[in-house]
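Taking it in order: structure first as structure tokens, then the write-up.
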Amino acid sequence: MAPVLLLWLAVCLSGAWAVDRGNFKTCDQSAFCKRQRALKPAESPYRALLETMELTNTKLTLQLINDNNKVRLLLELYRLQGNMTRVKINELKPLKPRYEVPDVLIREPPTEPLSLLSQDENGVVLSLGAESQRVIVSARPFRLDIMEGREVVMSLNSRGLLAFEHLRMRKDTFSYKVTSTVASVWDNIKRVFTSQTEPEVEKNEEADPANQAETAKDEDKAVDGMWEETFKSHSDSKPNGPSAVSLDFSLPGVEHVYGIPEHADDLRLKTTDNGDPYRLYNLDVFQYELYNPMALYGAVPVMLAHNTHRTTGIFWLNAAETWVDISSNTAGKTVFGKMLDYVQGSSETPQTDVRWISESGIIDVFIMLGPTPTDVFAQYASLTGTQSFPPLASLGYHQCRWNYNDQEDVRSVDAGFDEHDIPYDFIWLDIEHTDGKRYFTWDPHKFATPKEMLQGLKDKKRKMVAIVDPHIKVDSNYKIHNEIRSRDFYVKNKDGGDYEGWCWPGNAGYPDFTRADMRDWWASMFAYDQYEGTMDNLHTWNDMNEPSVFNGPEVTMHKDAMHGDWEHRDVHNIYGLYVHRATAEGLIQRSGGTERPFVLTRAFFAGSQRYGAVWTGDNAAEWDHLKISIPMCLSLGLVGISFCGADVGGFFKSPGAELLVRWYQTGAYQPFFRAHAHMDTARREPWLFGPENTALIREAVRQRYTLLPYWYQLFYQAHRTGYPVMRPLWVEYPQDPATFAVDNEFLIGKDLLVHPVTEEGARGVTAFLPGKHEVWFDVHTFQKHNGAQNLYIPVTMSSIPVFQRGGSIIPRKLRVRRSSLCMEDDPYTLYVALNVQRTAEGELYIDDGHTFNYEKKEFIHRRLSFINNSLSSVNLAPDAQFTTASWIERIVILGASKPSKVIVKTTDGQESPVEFEFDASMSVLTLRKPGMNAGEDWTVTLQ
Amino acid sequence: MFFQIIFAAVFSGGLVDARKIRGISSSYKRFYRERKSFLCIDGSKIIPFEQVNDDYCDCDDGSDEPGTSACPRGRFYCTNLGFRPHYIPSSRVNDGICDCCDASDEYNSHAHCQNTCWNLGQKERAYVEVQMRTLDEGLRLKQQLIEEGVLLWREKQAQLRELQQVAEDLQIKLEEHRRRKHEADQLKEQTLKALAAGDSGLGRWNRTVSSVFQLLDSNGDGSITVDEVQAKVSFVHDEEQILSEEEAAALLGGGQRMDLIKFQHTLWEVLTKGDNVKIKDTPSSPVGEDPHLQAADKAAEWETTNLKKVEEAYDTVNMEISDLQKKLAIDYGTDWEFLFLNSQCYKLKVYEYTYTLCPFNQVLQKNTAGTEVSLGMQLNPILPL
């Protein structure tokens with residue numbers, strides 16, 4: 001085992017400090033991508049057979065025919081509740097069923113009736129209900145146009161790139177000959193028994209797979225890689241032959257598209273004309289490169305398109321390897337060129353064209369019609385669910401390293417945090433804590449008494465995360481392996497035996513997480529009596545769940561491995577989600593369904609937000625990696641996954657003190673805040689860089705903890721609505737094009753603007769403060785700045801620029817303690833930042849921080865609003881019940897003027913004066929100890 | 001102004017009974033004498049005294065809230081009666097975790113803290129006792145080492161002195177032997193000179209020539225014949241080979257016989273050269289060694305050998321002295337308590353390496369294959385100790 005690891009490391013390390021691109025396919029090396037990309041925009045061979053149209057209450061169905069090969073497809077068109085359209089295209093009569101991704105949609109999306117507006121031989125027009133929205137189905141060639149009024153919102157197949165590789169028999173094999181012979185015999189018999197040759201029959205005949213194969217002979221012969229494909233030393237047997245699907249979308253008026261994570265690239269997606277398409281294929285990429293479209297650990301096939309008056313989304317529900325091409329008619333034009341177009345009036349409408357290509361499955365697209373960014377978030381959330389509501393502690397700081405070596409190491413790191421007075425909530429154990437990489441076990445020497453260790457942490461109100469990966473050591477003395485084997489739960493290879501690959505433990509099997517019974521069993525393994533040595537403060541981390549297979553093609557599983565009836569090809573991108581899900585369910589079950597789980601995953605798919613947090617994988621201690629953490633997490637937030645973070649400090653290599661401090665300052669303002677490090681790097685606990693840097697890191701972590709109430713409230717909102725926690729500026733300022741490509745700063749919620757310092761030796765940054773009518777208050781100095789400007793801010797090492805939006809109220813807890821749990825009953829300080837109208841609004845959410853009782857209405861949710869010199873707290877959830885010991889300790893009003901007196905009025909009608917201080921230089925009014933309980937109604941009036 | 005206030009606070013406060021202020025040590029009590037107002041200890045602000053420990057932070061230095069968690073930079077004093085008192089950060093007051101053994105930090109929390117100070121104190125005292133015992137034992141051992149060290153030191157010093165005495169003696173001997181050798185050499189030289197002087201005298205010369213002539217002239221007829229030469233003269237390199245008549249005749253200058261006068265100028269010269277022929281049963285050189293010279297030569301040789309022996313002994317002793325002096329020059333601690341380490345070696349096995357550490361001496365690393373590498377000298381092992 002050790003030699004294997006060493007060998008692997010040696011192989012990896014020999015390749016210098018960068019990804020070995022040659023280990024991963026380009027589009028050209030991926031047969032279906034090459035094949036599909038060879039198709040150029042032209043008139044589509046597909047034709048809608050309007051006579052086959054059926055319109056029911058819930059959907060419209062219609063057959064499409066490919067005039068080249070006579071293969072028929074079935075189009076299903078749904079109008080979904082919440083302003084969405086679903087377009088589903090499958091073969092009318094596939095040779096065998098094609099994979100339709102299950103378990104991603106939280107329910108069958110509820111439909112709304114489509115009504116037929118008009119119909120002729122050229123097509124049909126259907127109403128999408130409100131706001132004069134219509135969908136036009138054109139027959140020849142087939143295309144779909146979604147219109148609002150006279151404006152085209154989105155067109156499908158407008159460039160004729162709909163392609164659907166029908167399943168077929170292999171012609172050079174014996175079975176093909178038999179089948180085709182039998183089929184033609186059967187056709188003859190049918191003809192004999194049919195009195196008249198109905199068009200229907202003939203069409204069916206055309207759709208017959210065997211005949212299709214015949215007619216499509218030329219296609220087959222033309223291209224290699226349909227029935228077998230090799231990459232490096234790996235061959236893919238492809239017993240089902242070609243099965244790719246592709247469709248193009250045109251977005252008139254759109255110049256900005258976002259999403260389709262995970263890529264180490266800018267927030268705004270680039271055009272792909274001059275390179276590879278963006279690739280979605282979950283891969284364990286060793287030391288990924290930045291600013292390119294290569295696939296990474298996770299895939300969410302969701303793209304958002306935005307312009308000043310509309311935001312839309314495309315959700316391509318397909319779990320196979322997928323490539324996304326983006327082109328634009330304005331790309332490459334300079335600003336001057338665009339201006340010239342405008343002046344000359346000759347400008348065509350800017351348009352972005354997108355093309356999705358997947359290796360197998362069907363076309364199942366959800367078109368989210370917005371029209372606002374929050375509408376799109378809500379629409380996507382209604383399909384795939386929202387961010388799981390994390391336990392409050394998991395929003396604190398996480399201290400991780402590969403590896404904390406033994407219990408003594410854990411104890412001393414824990415003590416180090418106390419000694420240096422730095423708060424933290426979770427300490428993490430990587431793979432070395434196990435007994436020989438056998439997950440669910442502990443190293444008998446280094447972690448001989450795990451419960452003792454966990455109790456020690458619990459005594460300090462802290463928690464632990466231990467890793468559980470989905471590859472299982474093949475070892476007949478290992479309970480987990482024996483049980484999986486005896487239940488026949490392993491993924492199978494193409495020959496029907498258990499699939500085996502190399503990973504950390506050496507030879508390993510991969511449980512088939514696509515099976516519900518497998519997931520149930522896996523979940524049961526987290527029970528306290530199964531997973532020995534665990535307690536309720538131990539949570540879980542799923543790594544390597546792409547799945548990572550060291551000796552597999554592209555470091556992952558062979559595509560012809562089998563998950564029941566389905567090939568790995570069909571399910572690849574959803575495998576990691578299933579691992580994450582089964583683990584999260586295990587943690588819920590072990591508590592009897594009461595406790596919220598915390599599970600971190602590396603691989604993800606659409607819907608992964610329901611199961612916990614993700615991180616951006618194995619980054620490096622480089623300034624560019626710090627910088628890229630912003631667009632990477634922003635992109636994830638746009639597609640529902642709010643609980644995102646990057647390894648603070650960088651996983652590979654050792655950061656210098658400046659980079660480490662800057663990374664802590666950035667990470668403290670990103671949703672998932674965890675420091676992590678590779679085994680080969682020097683230790684880097686926060687106090688190892690001299691007292692000055694220790695103090696800087698302490699301050700960064702403390703800022704995070706003071707803001708926990710705000711983070712928690714935002715996660716509650718994300719859980720309720722699907723709105724991202726960490727947001728690109730354009731989401732809140734959708735009409736300001738200046739915000740559309742900004743990804744060097746971001747918003748937390750809508751009220752905090754953060755501009756991390758990501759340049760070495762920076763003495764200042766230029767932050768863009770959005771909003772023509774906004775004012776922004778520097779949270780460190782309380783200085784007020786106007787919106788809609790680029791502001792140069794000098795910086796020192798002490799902090800990064802953070803601004804609170806005028807018009808907002810942010811609750812903080814300023815008594816930073818050892819861990820979040822220690823701060824439970826602490827009082828709040830409300831930061832009221834007044835806008836130009838001298839008003840402000842905010843929320844306060846409180847619950848027990850760790851159970852599902854909030855679902856039973858055990859929480860406090862209040863609206864705080866400042867208007868007419870009066871700040872009041874109003875219950876937003878009168879039917880909810882919860883009590884808190886927390887009270888309002890202090891109210892800081894930014895941009896205030898000096899009152900003569902301040903009165904607080906509580907529920908019982910009692911009025912009492914409040915002492916205050918006024919700092920005239922900064923216009924900051926501080927109300928001293930108003931003292932109301934945080935759960936009550938109250939009003940504070942400035943007179 | 002501030003000083004006046006502090007002055008006033010400290011001294012006027014003394015007249016009023018101090019209320020029990022939570023979280024301060026007795027040395028800070030003077031800042032918290034109850035009166036109308038409280039001056040933050042850093043002098044930054046004056047607040048009403050009711051605002052001391054009222055769970056709201058007024059002073060930047062946190063001094064108004066020594067007993068609550070309100071101030072970010074505050075500290076709380078655990079009195080810990082029965083154990084050691086100490087400060088904790090204010091953030092640990094009422095956080096649900098027992099930090100002070102007297103439970104004083106959790107006066108308003110869910111934590112149920114026991115006063116464990118007495119137990120801790122007991123343990124601490126027991127521990128200190130053990131520590132003391134260990135320390136005593138250590139001191140005793142050290143004393144022992146010092147005593148041993150002193151003894152060893154003295155022993156070495158004595159040894160040094162002894163050696164130095166021996167060296168002095170040897171020095172005297174050496175001079176004596178040098179003198180003797182010198183004399184013997186001189187004697188030998190004189191003898192050689194005397195001999196050389198004798199050789200140049202005609203008597204010795206003639207006697208010698210005539211005595212050899214007589215020796216060869218077997219029949220005593222006053223002339224040497226071929227037969228006589230054949231009988232008495234042989235080749236230097238082969239005594240057994242008899243000279244042929246021609247060879248013998250050649251030695252006689254080509255004739256059959258020769259008289260003394262002719263001999264002196266021909267054969268005598270050949271014989272004295274001695275590199276070709278010689279008189280049988282004699283050394284090649286016909287000139288016999290002088291007994292006086294032989295005696296003088298032997299005496300000189302004897303004295304040289306003796307001198308060499310004494311010189312060697314002297315060098316050895318000096319080397320030992322310098323070795324000892326080097327060792328004695330090392331710092332063995334003020335009381336020579338580390339002297340015992342000298343000449344000791346310690347071995348440590350780390351994976352495949354065995355390290356041999358000899359304090360004040362070599363450090364070696366030896367791997368399992370037997371390759372030895374010197375890691376240098378450890379000249380001052382006292383510092384790390």
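Protein chains in written order, with UniProt numbering: chain V, 1 to 943; chain G, 1 to 385. Note that the Cβ used here is the ideal one computed from N, Cα and C, for glycine as well. Here the structure is a predicted model, which means the values were calculated and not measured.
Helix, strand or coil at residue i according to DSSP, with G and I counted as helix
i                            : result
glutamine 665 of chain V     : helix
phenylalanine 426 of chain V : strand
phenylalanine 447 of chain V : coil
cysteine 78 of chain G       : strand
aspartate 145 of chain V     : strand
serine 37 of chain G         : strand
leucine 283 of chain V       : coil
Beta-carbon neighbours of residue i, restricted to chain V and to distances below 8 Å
i                      : result
tyrosine 56 of chain G : Glu889, Arg890, Arg928, Lys929
Within chain V, the residues that residue i reaches when beta carbons sit closer than 7 Å
i                     : result
glycine 96 of chain G : Lys461, Cys822
serine 69 of chain G  : Arg815
Chain G contact residues for residue i, given Cβ-Cβ distances below 8 Å
i                        : result
aspartate 421 of chain V : Pro89, Ser91
Same chain, Cβ closer than 6 Å to residue i, five either side skipped, listed in chain order
i                            : result
aspartate 364 of chain V     : Lys88, Leu317
aspartate 475 of chain V     : His481
histidine 177 of chain G     : Asn306, Leu307, Val310
leucine 392 of chain V       : Tyr712, Ser820, Gly849
aspartate 335 of chain G     : Ile146
phenylalanine 740 of chain V : His256, Trp730
proline 66 of chain G        : Gly23, Ile24
Closer than 9 Å at the beta carbon, the chain V residues around residue i
i                        : result
isoleucine 72 of chain G : The amino acid at residue 72 of chain G is misidentified as isoleucine; the sequence shows proline. Those are Arg702, Leu814, Arg815, Val816, listed as they occur along chain V.
Cut-off 8 Å between Cβ atoms - residues of its own chain near residue i, not counting five sequence neighbours on either side
i                        : result
aspartate 185 of chain G : Ala300, Glu303
lysine 232 of chain G    : Leu215, Leu216, Ser218, Ile279, Lys280
Pair within 8 Å by beta-carbon distance, residue i and residue j
i                            : j                        : result
aspartate 443 of chain V     : threonine 449 of chain V : no
isoleucine 326 of chain V    : leucine 269 of chain V   : yes
phenylalanine 604 of chain V : valine 300 of chain V    : yes
valine 324 of chain V        : valine 354 of chain V    : yes
valine 373 of chain G        : glutamine 365 of chain G : yes
serine 629 of chain V        : alanine 646 of chain V   : yes
aspartate 99 of chain G      : cysteine 117 of chain G  : no
First through last residue of the beta strand (DSSP E) which encompasses residue i
i                         : result
arginine 86 of chain V    : 84-91
glutamate 151 of chain V  : 151-156
leucine 830 of chain V    : 828-833
isoleucine 261 of chain G : Segment 260-265 is the alpha helix (DSSP H) holding isoleucine 261 of chain G; no beta strand (DSSP E) there.
glutamate 692 of chain V  : Where glutamate 692 of chain V is concerned, there is no enclosing beta strand (DSSP E), although the alpha helix (DSSP H) it sits in stretches over 690-706.
Own chain, CB closer than 7 Å to residue i, minus 5 neighbours either side, in chain order
i                        : result
glycine 931 of chain V   : Trp887, Ile888
residue 972 of chain V   : Missing from the structure shown is residue 972 of chain V; chain V here goes from 1 to 943 and no further.
arginine 862 of chain V  : Glu843, Leu844, Ser873, Val874, Asn875, Leu876
alanine 677 of chain V   : Arg401, Trp402, Gly649, Phe651, Arg684
alanine 584 of chain V   : Pro597, Val599, Tyr611, Gly612
threonine 839 of chain V : Gly807, Phe866, Ile867
Residue i, enclosing alpha helix (DSSP H) - first and last residue
i                            : result
phenylalanine 235 of chain G : Counting along the chain, phenylalanine 235 of chain G falls outside any alpha helix (DSSP H), though it belongs to the beta strand (DSSP E) covering 233-235.
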